[in-house]
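Novice:
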Amino acid sequence: MSAGDRVRLPGHVQFGELLLGPSTPYGWKTLTGWEDTPGTDSGNVNRADAHGSYPGRLLAQSRMITVDGVVIRTEPGRMGTAVRELSAATALRDDELPLVIRLDDSPPLLAFARCLRRAVPVGTGGYGVGVVTGAAFQFEATDPRRYSLTEQQVDTSLPMPEPGLDWHLDPGPEHLDTPLDFGTPGSTGTVVTVNDGDALSHPVIAFVGPVSLPSLTHLGTGDVIEYDIELAVDDVLLVDTREGTVTLNGTASRLYTATARSVPENTFTLAPGTAALSFRAAPGSVDPRASCTLQWRSAYW
Numbered sequence: 000m001s002a003g004d005r006v007r008l009p010g011h012v013q014f015g016e017l018l019l020g021p022s023t024p025y026g027w028k029t030l031t032g033w034e035d036t037p038g039t040d041s042g043n044v045n046r047a048d049a050h051g052s053y054p055g056r057l058l059a060q061s062r063m064i065t066v067d068g069v070v071i072r073t074e075p076g077r078m079g080t081a082v083r084e085l086s087a088a089t090a091l092r093d094d095e096l097p098l099v100i101r102l103d104d105s106p107p108l109l110a111f112a113r114c115l116r117r118a119v120p121v122g123t124g125g126y127g128v129g130v131v132t133g134a135a136f137q138f139e140a141t142d143p144r145r146y147s148l149t150e151q152q153v154d155t156s157l158p159m160p161e162p163g164l165d166w167h168l169d170p171g172p173e174h175l176d177t178p179l180d181f182g183t184p185g186s187t188g189t190v191v192t193v194n195d196g197d198a199l200s201h202p203v204i205a206f207v208g209p210v211s212l213p214s215l216t217h218l219g220t221g222d223v224i225e226y227d228i229e230l231a232v233d234d235v236l237l238v239d240t241r242e243g244t245v246t247l248n249g250t251a252s253r254l255y256t257a258t259a260r261s262v263p264e265n266t267f268t269l270a271p272g273t274a275a276l277s278f279r280a281a282p283g284s285v286d287p288r289a290s291c292t293l294q295w296r297s298a299y300w
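Note that numbering that gives the first Met the number 0 has the sequence shown beginning at 0, numbered continuously upward.
Put into structure tokens, the structure is as follows:
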């Protein structure tokens, strides 16, 4: 299953494998919390000797999304089966599932959420004729941002010099063999990312060995993440800037290897627009097999 793989039409809402909206048994009328500003926690501090307060950081709370006016339509006698399928798809769970919503012809957006509440009115008449009205669902996304479905990726190797120009001189002193061979372009070790949204996006960064003291510098802000570690061939140091974790080969934490000039992982973000980032390592660590990969989605409030 991939996020939003069943979303085809305006009005489609997909939660995990469950699809609501046109051409499904589950219609809906209103959606709240999706285009609204999430609640905020304010860091303002009251002024002791004047009106007002000193402005502090505003941090968004979880996003609450409610789907109201859900109508369930089935063949007579099949309502119980449809409701049980709905119950299984929206059961309480510890992990979050993709919630993808397409409102019109614009691309759908994605959040990761859990269903907190499901309300399905029960009446013998509705079950008998195959129509139940007034059902509702409430979802909570602990990350209040919404994301593009497309996950972008860029990668680079360490900086490598250009090999130079091979002039292919003829034995004759006045002849030049063509075409000229400029050699394989060298790597700059720099990548460019694009966040088309209006919110900060947290990338996932993978350093692949062999490399010593891998680092990534955001050239726009000057922020650096750097790790005092020696990665062997095919070792992967994965940095999840959303979760603030650093793991080696998917299991062992290596958060403690961050150097003194490394910023906290969860502050290393991609602002809306373009950003240039450079991959570097310790002097003498120049193996062309070493690489750095970034994965991210455009983020929206």
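Positions of the beta carbon are idealized from the N, C-alpha and C atoms, including for glycine.
Since Met63 sits in a beta bridge, which residues does DSSP pair it with?
Specialist: Working through the sequence shown from its first residue, we reach residue 63 at position 64. Answer is Glu139.
Novice: Can you give the beta carbon distance from Ala275 to Gly219, rounded, assuming they're within the 8 Å contact cut?
Specialist: Position 276 of the sequence shown holds residue 275. Position 220 of the sequence shown holds residue 219. That pair is a contact at about 7 Å.
Novice: When DSSP labels each residue in this structure, what does Asp180 get in the three-state scheme?
Specialist: The count along the sequence shown starts at 1 and reaches residue 180 at position 181. Residue placement at Asp180 is poorly supported in this model, since its pLDDT is 43, which falls under 50; the coordinates still yield a value, given next. Asp180: strand per DSSP, three-state reduction.
Novice: Measuring only the C-alpha atoms, how far is Asp103 from Val6?
Specialist: Reading the sequence shown from its first residue, position 104 is the one you call residue 103. Reading the sequence shown from its first residue, position 7 is the one you call residue 6. So the alpha carbons of these two residues sit roughly 11 Å apart.
Novice: Report the rounded CA-to-CA distance for Asn45 versus Leu199, giving the unit in angstroms.
Specialist: In the sequence shown, residue 45 corresponds to position 46, counting from 1. In the sequence shown, residue 199 corresponds to position 200, counting from 1. About 28 Å.
Novice: For my contact list, Thr132 and Val70 are in at a C-beta cut-off of 8 Å; report their separation, rounded to the angstrom.
Specialist: Working through the sequence shown from its first residue, we reach residue 132 at position 133. Working through the sequence shown from its first residue, we reach residue 70 at position 71. With a Cβ gap of about 5 Å, Thr132 and Val70 count as contacting.
Novice: Among the residues of its own chain, which have a CB less than 7 Å from the CB of Ala2, if the five just before and after it don't count?
Specialist: If you number the sequence shown from 1, residue 2 lands on position 3. For Ala2, where only same-chain residues beyond five positions count, the Cβ hits under 7 Å are Pro97, Val99, Leu109, Leu148.
Novice: Quick check on Ala87: does DSSP put it in helix, strand or coil?
Specialist: Residue mapping note: residue 87 aligns to position 88 of the sequence shown, counting from 1. Helix at Ala87.
Novice: Suppose the cutoff is 6 Å on Cβ atoms and the five residues either side in sequence are ignored; what does the same chain contact list for Thr256 look like?
Specialist: The residue given as residue 256 occupies position 257 in the sequence shown. Tyr226, Asp227, Ile228.
Novice: Would you identify the three-state DSSP class for Leu175, choosing helix, strand or coil?
Specialist: Position 176 of the sequence shown holds residue 175. The predicted model places Leu175 with a pLDDT of 47, which falls under 50 and marks its position as unreliable, so this point remains unresolved.
Novice: Helix, strand or coil: how does DSSP classify Ala351 here?
Specialist: Look at the range of the chain in this structure, 0 to 300, and you will see that residue 351 is not part of it.
Novice: Measuring alpha carbon to alpha carbon, tell me which residue in Ser156, Ala298, Arg113 is nearest Thr292.
Specialist: Position 293 of the sequence shown, counting from 1, holds the residue named residue 292. Cα-wise, what sits closest to Thr292 is Ser156.
Novice: Do the CB positions of Ala90 and Ala118 come within less than 8 Å of each other?
Specialist: The residue given as residue 90 occupies position 91 in the sequence shown. The residue given as residue 118 occupies position 119 in the sequence shown. Not in contact: Ala90 and Ala118 (Cβ atoms no closer than 8 Å).
Novice: For Asp286, tell me which candidate among Gly188, Leu247, Ala298, Thr141 has the shortest Cα-Cα distance.
Specialist: Sequence index remark: in the sequence shown, residue 286 carries index 287 (1-based). Of Gly188, Leu247, Ala298, Thr141, the residue nearest in Cα terms is Gly188.
Novice: Let's see if you can read the secondary structure: which residues bound the beta strand (DSSP E) around Ser297?
Specialist: Mapped onto the sequence shown, residue 297 falls at position 298. Neither: Ser297 is in no beta strand (DSSP E) and is coded neither H nor E.
Novice: Which runs of the alpha helix (DSSP H) spanning at least 4 residues fall entirely within the region 96-141, listed in chain order?
Specialist: Correct list: 123-128.
Novice: Here's the rule I'm using: 16 or more other beta-carbon atoms within 10 Å means buried, otherwise exposed. How should Leu85 be labelled?
Specialist: Residue mapping note: residue 85 aligns to position 86 of the sequence shown, counting from 1. Leu85 should be labelled buried.
Novice: Please name the residue, chosen from Val66, Gly127, Met63, that lies closest to Pro75 on a Cα-to-Cα basis.
Specialist: Counting from 1 along the sequence shown, the entry for residue 75 is found at position 76. Residue Gly127 is the option with its Cα nearest to Pro75.
Novice: Could you give the C-beta distance for Val207 and Gln294, rounded to a whole number, given that I count them as a contact under 8 Å?
Specialist: As a first step, residue 207 is located in the sequence shown; it is residue number 208 there, counting from the start. As a first step, residue 294 is located in the sequence shown; it is residue number 295 there, counting from the start. At roughly 13 Å, the Cβ-Cβ gap does not stay under 8 Å, so Val207 and Gln294 are not in contact.
Novice: Leaving aside the five residues before and after Gly55 along the sequence, list all residues of the same chain whose C-beta is less than 8 Å from its C-beta, in chain order.
Specialist: For the purposes of this step, residue 55 is taken as residue 56 along the sequence shown, with counting starting at 1. Correct list, in chain order: Ser41, Gly42, Asn43, Val44.
Novice: Count the other CB atoms, across all protein chains shown, that sit within 10 Å of the CB of Gly32; report buried if there are 16 or more and exposed otherwise.
Specialist: Mapped onto the sequence shown, residue 32 falls at position 33. Gly32 is buried by the Cβ-count criterion.
Novice: Helix, strand or coil: how does DSSP classify Thr80 here?
Specialist: Numbered from 1 along the sequence shown, position 81 holds the residue referred to as residue 80. Here Thr80 sits in helix by DSSP.
Novice: Flag this pair as yes or no: are the beta carbons of Leu17 and Ala88 separated by less than 8 Å?
Specialist: Along the sequence shown, read from residue 1 onward, the residue named residue 17 stands at position 18. Along the sequence shown, read from residue 1 onward, the residue named residue 88 stands at position 89. For Leu17 and Ala88, yes; Cβs fall inside 8 Å.
Novice: Report the rounded CA-to-CA distance for Ile64 versus Pro120, giving the unit in angstroms.
Specialist: The residue labelled residue 64 in the question sits at position 65 within the sequence shown. The residue labelled residue 120 in the question sits at position 121 within the sequence shown. Roughly 20 Å separates the two Cα atoms.
Novice: Helix, strand or coil for Asn43 per DSSP?
Specialist: Position 44 of the sequence shown, counted from the first residue, corresponds to residue 43. Asn43: coil per DSSP, three-state reduction.
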